[in-house]
Amino acid sequence: MGIFGDVWQRALKNQIHQTSRAETPVLLDMGRKHAPPFLTFVLLAAILFFMSKTLTRTICIKLDIDGHEAALQETQQQFNEAASWIASLCWHEHITNTTTAHHRVYGETRTRFGLGAQLACCARAKAVEAIKTVRVQQKQRQPDQKPAECPQFGSRGSIRYDARTYRLLSLARVSLSTLQGRVICQMVLGKRQHAMLIDPAWTIGGADLVWKRGTYYLHVTQGREAPHQTETPETLGVDLGIVSLATDSTGETFSGAKVREVRLRYHRRRQSVQRVGTRSAKRRLKKMSGREKRFQTDTNHKISTALVQKAVRTRKALALEDLTGIRERTKMVQRKHRYERQSWAFSQLRTYIAYKAAWAGIPVRLVDPRNTSRTCSQCGHCEKANRQNQASFRCKQCGFCCNADYNAAINIARVAVKQPMVATRKG
Ligand SMILES: [Zn+2]
9 MGIFGDVWQR
19 ALKNQIHQTS
29 RAETPVLLDM
39 GRKHAPPFLT
49 FVLLAAILFF
59 MSKTLTRTIC
69 IKLDIDGHEA
79 ALQETQQQFN
89 EAASWIASLC
99 WHEHITNTTT
109 AHHRVYGETR
119 TRFGLGAQLA
129 CCARAKAVEA
139 IKTVRVQQKQ
149 RQPDQKPAEC
159 PQFGSRGSIR
169 YDARTYRLLS
179 LARVSLSTLQ
189 GRVICQMVLG
199 KRQHAMLIDP
209 AWTIGGADLV
219 WKRGTYYLHV
229 TQGREAPHQT
239 ETPETLGVDL
249 GIVSLATDST
259 GETFSGAKVR
269 EVRLRYHRRR
279 QSVQRVGTRS
289 AKRRLKKMSG
299 REKRFQTDTN
309 HKISTALVQK
319 AVRTRKALAL
329 EDLTGIRERT
339 KMVQRKHRYE
349 RQSWAFSQLR
359 TYIAYKAAWA
369 GIPVRLVDPR
379 NTSRTCSQCG
389 HCEKANRQNQ
399 ASFRCKQCGF
409 CCNADYNAAI
419 NIARVAVKQP
429 MVATRKG
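Following the working numbering, the numbering of the sequence shown begins with 9 at its first residue and continues without gaps.
Structure representation (structure tokens):
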């Protein structure tokens with residue numbers, strides 16, 4: 009809940025200081041074609057959902073900064089120096105309260121770093137938020153991990169903008185506060201981003217100006233109320249796995265074969281590149297891990313979309329295994345679950361399913377994962393030997409034979425019906 013809580017607060021704050029809605033519809037300048045499609049590389053990035061109350065999403069937009077490089081870079085440097093200074097000060101004086109931090113650093117931030125009133129507030133917001141995140145991580149850290157350190161920001165770190173320091177203008181332009189006054193940059197919008205920006209269901213909040221390999225991007229945050237959840241007694245159970253990434257209780261499977269193949273291919277290439285060990289080899293390695301990650305992310309998007317659409321179509325709630333706190337509840341963690349807990353790809357798929365369900369007003373029920381894979385979905389007999397191997401299930405009592413993941417998915421759906429509704433959680 010920690011990180012979510014912070015971002016949620018930010019989302020709520022954004023809604024209060026939202027930019028004028030009247031301005032957004034004039035972004036309709038789609039005709040500009042000053043960058044080839046591959047350069048308009050832009051993607052929908054981090055999307056988070058919050059306890060079925062407020063949803064936020066981020067749109068990443070490439071900027072054409074048109075000669076404002078110097079002003080932006082100078083602002084970026086001063087802003088991040090200021091944020092680092094504020095962070096150190098608050099860290100050592102144990103300040104995590106926004107108001108206390110504001111009174112302590114506001115005046116000095118302005119005189120020391122030459123930031124305007126609003127940018128000074130944004131630098132403080134960035135610093136305090138980073139400290140809160142680190143403090144939360146510190147509480148959750150394992151005994152063998154090294155202690156948390158005070159967050160610091162590089163001179164090319166992002167600039168936080170709020171409704172008073174940036175403004176969306178007509179013709180897909182954006183006005184940004186800098187140390188040399190306001191500068192106007194062109195947003196390079198794809199069709200999808202444009203549609204997202206003008207979607208009246210979403211309220212535009214703050215934004216981060218991000219510099220990445222020589223290009224500036226604006227990460228615009230949007231928020232909205234979560235749609236009302238549809239009450240339904242029926243449930244679509246989903247079993248997540250390695251061989252089949254997902255299997256639902258109607259028997260549809262989403263194979264992990266392609267993902268495994270890509271992973272294996274990159275793994276082999278990585279080994280050969282690692283043997284070389286030069287600097288350019290390391291660069292290539294980094295590029296490859298990015299590509300592998302993007303492939304996995306894309307696959308997770310497709311699976312989660314398909315599952316949620318199916319739930320909407322068939323008017324069912326979704327049910328997943330609850331993997332939070334599994335260690336406390338069972339001494340023996342099944343090997344599958346151990347892998348799931350550790351893999352970012354699994355938690356990403358679970359998160360995607362959860363927030364897409366929240367958008368669509370589909371309830372997500374989390375069920376106790378114990379015995380879901382060793383119980384017979386026909387007669388209810390539970391025995392470890394029921395599960396013959398990774399792939400197949402055969403009941404020792406009634407002889408029912410079935411794909412093991414499918415059997416588990418049916419159990420998950422069934423258990424969920426008996427259980428009271430639970431809020432969606434990050435997996
Ligand atoms: Zn049986």
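Ideal placement from N, C-alpha and C gives every residue a C-beta, glycine not left out.
As far as DSSP is concerned, Gly-122 takes part in no beta bridge. For ligand 1, a non-hydrogen atom lies closer than 7 angstroms to the CB of Gln-405.
Exclusion of His-102 from the 7 angstroms shell around ligand 1 follows from its C-beta lying no nearer than that to any non-hydrogen atom of the ligand. Across the set Thr-108, Lys-134 and Leu-226, the C-alpha of Lys-134 shows the shortest separation from the C-alpha of Ala-90.
A distance below 8 angstroms separates the beta carbons of Arg-181 and Gln-194.
For the pair Thr-240 and Lys-324, the CB atoms are nearer than the 8 angstroms cut-off. In the DSSP assignment, Trp-367 falls within the unbroken alpha helix (DSSP H) covering 352-368. Distance from Arg-132 to Ala-125 at the Cβ level is roughly 11 angstroms; contact not present, criterion being Cβ atoms closer than 8 angstroms. Distance from the CA of Tyr-225 to the CA of Ile-73, rounded to the nearest whole angstrom, comes to 10 angstroms. Closest in alpha carbon position to Ala-365, among Ser-257, Lys-294, Ser-312 and Ser-385, is Ser-312.
C-alpha of Cys-158 to C-alpha of Ile-103: approximately 12 angstroms in a straight line. Taking the CA atoms as reference points, Ser-400 sits about 49 angstroms from Ile-206. According to the DSSP assignment, Phe-408 belongs to no beta strand (DSSP E), since it is labelled neither H nor E. The stretch 352-368 and the stretch 380-395 do not touch, with fewer than 3 CB-CB distances between them shorter than 8 angstroms. Going by C-alpha positions, Asn-419 is about 10 angstroms away from Asp-413. When C-alpha distances from Leu-331 are compared across Ile-67, Val-375, Thr-229 and Gln-237, the shortest belongs to Val-375.
Residue environment for Ala-209: exposed (fewer than 16 other C-beta atoms within 10 angstroms of its C-beta).
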